[in-house]
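> Residue numbers (the working numbering): 909 to 1386.
Got a structure here, written out as C-alpha cells. Questions coming.
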Ligand code: FAD
C-alpha cells in the first residue's frame, strides 16, 4: 500500500454538512488513502442565505474548526466563486480530487452541476454523495414511476425501507504536509446582519456536532415517551429541537433514524413512529423540491397566481414585529426573534393569520422566516408556507381558516407560552419576553412598557370572512 503522501490530496468541500460522523464525502476522501483538506467557501450562494442562517453557520464553522483541530487538521476558509476557489486550491495543494455531499435546492444544484462538469473537464476527480437525506429524491417513486405528491403514501413507501447505517467519525486525520492559507472567520462578518439579535440567540442556541448528538440522546431518553401527545404543546418543550442542527448538517437524518430504530418496538413504539414520521416530512419536502425546484419561489399549484394576495405593507409589518394584537400570533413571532425558532404548531398559526386573515402572500412570510430562522431549510420552509397557504401539494385547504384564539386555548391552555413571550401588561414579564426587546431592531421603537394593541390589526371574524370571500371569488373566476 502506498504511503499516504504518495497519493495526491483530496479537497473535501463542506457546505451544509458540518460534522465528522456520518459524513459520506469525508469517509470517501479518507478511503482514497491520501491527505484530506477540508474547505468551506463563502460563495454567492452561501452569501444569499438569511441573516440568522449565516449567524448559525458561523457558529457551526467555529465548532467544526475546533473539532478538526482536535484531530490535528484545519478547516480552510475561502471566499469567492466556488469553482474558482476549488481550482485555486487544487493548484496550490496538488489535490486531484474534490468530494462533497449533495444539496438539493435549485441554486445549490445549479452551482454544483457546473462545478462538477468544469472540474471533470480539468481532469480532476469530482464526486458527490448523499449526506443529507435518508433516501435521495429520485430513489422513491410511485407505482406509476413518478414522484409522490401526497405525504401519506410517501411515508408508506419509505417507512420500512432500509436506511444506510451511519458511518463512524474518523479517529485520525490524514493531514497534508503543509496546510494552505485560510481566511479568518471573524473577518468575514457572517453574523453582521444579526446586530442586536446575536447576543440573545447565543444564550439560547447550542451549537456544534457534539451538542447535536447530546440533544438527540437526551430527547430519546427523556422526551420521546410524551412526543405523540405533547408535540403540539409549546409549553412542554416536547419536541427534539434538532431542526437547527439538521439545517447546517451537524447531525444527519440517518443518525436520527438509526438511533430511533430500537424504540420502534416496545413501550415507546407509538411516539417513536410519530417522531420518524415528522423526520420524513423533511424528506418529503426535499422530494418535492427536487422534482419542482420552483416550489421555493412560486406557487406549486400555478392557479394560485390569480389569487388576490395582498403584497407586503402595514399589516405584514405588524406581523413581523409581533404587534398584531393576537397574542398567539405575536408570541410566536417573538419566539422567532428570541430563540431563532418557532414551535411548529405556532408556525402554522402565525402563517395562517398572515395568509388568511391578512390575505398577505405566503412569499412575504416565507422571506421573513428565511431571514430569521436558525433552522431555515429551503425545502421545509417552502413546503410549510405552501401547505398553510393552500397553494402547495398535499396542502391544507385554503378555506380551513385556523382561529388563533381557539388554537391557543387548545395548545397553550394555561397561557404559559404566551406569557413566556409577551411582556406588555404582565406584572412580572418572563425573561424571554423581555429579551425580545433586546433582540428587536431599535428602529422598531418597541418597549416592554408599551400598551399591548387594544384590538387586533385584523379582527378574527372579519379576517376569516374576508379570506373566505376572496377564496370564493377566486374559485368562481377559475
Ligand atoms: P420535531 O418535532 O422534533 O421533528 C423532528 C424533525 O422532523 C425536525 O427537526 C424536522 O427536521 C422534521 N420535521 C418536523 N416537522 C416537520 C415539518 N412540518 N416539515 C418538515 N420537516 C419537519 N422546518 C425546518 O426545519 N426549517 C424551516 O425553515 C421550516 N419552516 C417552516 C415554515 C412553516 C410555515 C411551517 C408550518 C413549518 C416549517 N418547518 C420548518 C417545519 C417544522 O415547524 C420544524 O421542522 C419543527 O418545528 C422543528 O422543531 P423540532 O426539531 O423540535 O421538530
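Even glycine gets a Cβ: it sits at the ideal position worked out from N, Cα and C.
Inspect the beta-carbon positions of residue 1133 and residue 1175 and report whether they are closer than 9 Å.
The answer is yes: Cβ separation under 9 Å.
> Given a cut-off of 9 Å on the beta-carbon distance, is the pair residue 1260 and residue 1309 in contact?
yes
> DSSP state of residue 1033, grouped into three classes?
Residue state, collapsed to three classes: strand.
> So what's residue 946 in DSSP terms, helix, strand or just coil?
strand
> Would residue 1088 and residue 1001 be called neighbours here (beta carbons separated by less than 9 Å)?
yes
> Can you tell me whether residue 1344 is buried or exposed? The criterion is at least 16 other CB atoms within 10 Å of its CB, across all chains shown.
buried
> From residue 1137 to residue 1180, what does the alpha carbon distance come to, in whole angstroms?
12 Å
> Give every residue of the same chain whose Cβ lies closer than 7 Å to the Cβ of residue 1366, excluding the five residues on either side of it in the sequence, and list them in chain order.
1223, 1265, 1266
> Kindly indicate which residue of 1060, 1149, 1112 has the alpha-carbon position closest to the one of residue 1126.
1149
> Would you tell me roughly how many angstroms separate the C-alpha atoms of residue 912 and residue 942, rounded to the nearest one?
At residue 912 the pLDDT is 49, less than 50, meaning the model places this residue with poor confidence and gives no usable figure here.
> Closest to residue 1129 by C-alpha separation, out of 1156, 1225, 1268, 1171, would be which residue?
1171
> I want to check one thing, is the minimum distance from the CB of residue 1256 to the heavy atoms of the ligand FAD below 8 Å?
yes
> With distance defined between alpha-carbon atoms, name the residue in 1026, 1079, 964 nearest to residue 976.
1079
> Measuring CB to CB, does residue 918 end up less than 9 Å from residue 925?
no
> Closer than 8 Å is the cut-off here; do at least three beta carbon pairs connect the region 1296–1305 with the region 1313–1328?
no
> Using only the alpha-carbon positions, how far apart do residue 1047 and residue 1184 sit?
Answer to the nearest angstrom: the Cα atoms are 19 Å apart.
> For residue 1342, count the other beta carbons within 10 Å of its own beta carbon; 16 or more makes it buried, fewer makes it exposed. Which is it?
exposed
> Could you name each continuous alpha helix (DSSP H) segment of 4 residues or more that falls completely within the region 1121–1153, going from the start of the chain to the end?
1135–1138
> Would you kindly check if the distance between the Cβ of residue 1242 and the Cβ of residue 906 is under 9 Å?
Any question about residue 906 goes unanswered here, given that the chain covers just 909 to 1386.
> At a threshold of 8 Å, does residue 1038 count as lining the ligand FAD (C-beta to nearest heavy atom)?
no
> If you measure from the CB of residue 1296, is any heavy atom of the ligand FAD nearer than 8 Å?
yes
> For residue 1220, which residues from the same chain have a beta carbon less than 6 Å from its beta carbon, with the 5 sequence-adjacent residues on both sides left out?
1272
> Excluding five sequence neighbours on each side, which residues of the same chain lie with their C-beta closer than 6 Å to the C-beta of residue 940?
918
> Put residue 1006 into one of helix, strand or coil per three-state DSSP.
strand
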